[in-house]
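Counting with the UniProt record's numbering, you get residues 1 to 140 for the letters of the sequence shown. Here is the structure we will look at.
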Amino acid sequence: MASQDALLKSSNHTSYRPNVDFSDGPAASLRHLLITHAGSRQLVLIQDFPDPDALSSAWAYQLIAATYDVDCDIFYSGTLSHQENIALVKLTNLPAKRWPSKKKPDLSQYAGYVLVDTQGTTSQLLEQVNTAGVPLLVVI
């Protein structure tokens, strides 16, 4: 008889459920953060000129956060500089948005911000977010 590591089969697909303990460590901390912020909105900041890693990681965070009733907006301030990055965003409808340069967005709607695939040194948005008093929640 297979353990929790067994393949779970249904009529439409096969998925894998790993035997992972999320009761301690970074995963537990993230889970606690998301539970604590249920019903809130978070700002997800990625590097100014996002690459596929930053884009997909931010989107993954947004999807995970949504399962905890946390809404997220993904922003970058530069441009999508490579054709493959533009194609990734267009073909998948990846919800990353360019920060509006002329009009400052209302940051009061955000309970906090998340840095994904950046420490903030490659994002021009960090100064504006910190000036607005939006707290840093997590760096991924």
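Glycine is no exception: its CB is placed at the ideal position from the N, C-alpha and C atoms.
Are the C-beta of residue i and some C-beta of chain C separated by less than 9 Å?
| i | result |
| --- | --- |
| Glu127 | Looking for chain C here will not work: only one protein chain is present. |
Can you give me the Cβ contacts of residue i inside the same chain, cut-off strictly under 8 Å, excluding the 5 residues immediately before and after it?
| i | result |
| --- | --- |
| Lys85 | The sequence shown places Asn at residue 85, not Lys. Same-chain partners within the cutoff: Pro50, Asp51, Pro52 and Leu55. |
Given this structure, state the Cα-to-Cα distance separating residue i from residue j, to the nearest angstrom.
| i | j | result |
| --- | --- | --- |
| Leu30 | Ser81 | 31 Å |
| Ile64 | Lys102 | 31 Å |
| Gly39 | Ala66 | 9 Å |
| Leu107 | Ala28 | 28 Å |
| Ala58 | Val116 | 6 Å |
| Ser123 | Asp73 | 15 Å |
| Ala2 | Val70 | Legend: pLDDT at Ala2 = 43, less than 50; position of this residue unreliable, no value from coordinates given. |
Leaving out five residues on either side along the sequence, give the residues of the same chain with a beta carbon under 6 Å from the beta carbon of residue i.
| i | result |
| --- | --- |
| Ala6 | Caution applies to Ala6, whose pLDDT of 41 falls short of 50 and renders its modelled position unreliable; the value that the coordinates give is listed next. So the list is empty, once near-sequence residues are dropped. |
| Lys97 | Phe75 |
| Val114 | Gln42, Val44, Leu137 and Val138 |
Which residues share a DSSP beta bridge with residue i?
| i | result |
| --- | --- |
| Lys97 | Phe75 |
| Tyr113 | Leu43 and Leu136 |
Return the chain-ordered list of same chain residues with a C-beta closer than 7 Å to the C-beta of residue i, the five sequence neighbours on each side being excluded.
| i | result |
| --- | --- |
| Asn33 | In the sequence under discussion, the amino acid at residue 33 is Leu, which differs from the Asn named in the question. Correct list, in chain order: Leu137 and Val138. |
| Leu125 | Leu45, Phe75, Ser77 and Trp99 |
| Pro135 | Gly112 |
| residue 152 | This structure cannot speak to residue 152, because the chain is shown only from 1 to 140. |
Residue range of the alpha helix (DSSP H) that residue i falls in?
| i | result |
| --- | --- |
| Val129 | Leu125 to Thr131 |
| Val89 | Gln83 to Thr92 |
| Leu30 | Pro26 to Thr36 |
In terms of residue numbering, what span does the beta strand (DSSP E) encompassing residue i cover?
| i | result |
| --- | --- |
| Tyr61 | Premise fails: Tyr61 lies in the alpha helix (DSSP H), Pro52 to Ala66, not in any beta strand (DSSP E). |
| Val138 | Leu136 to Val139 |
| Gln42 | Arg41 to Leu45 |
Quick one: any contact between the stretch 123-132 and the stretch 36-47, if contact means 3 or more CB pairs under 8 Å? Yes, since at least three Cβ pairs between the stretch 123-132 and the stretch 36-47 fall closer than 8 Å, the two stretches touch.
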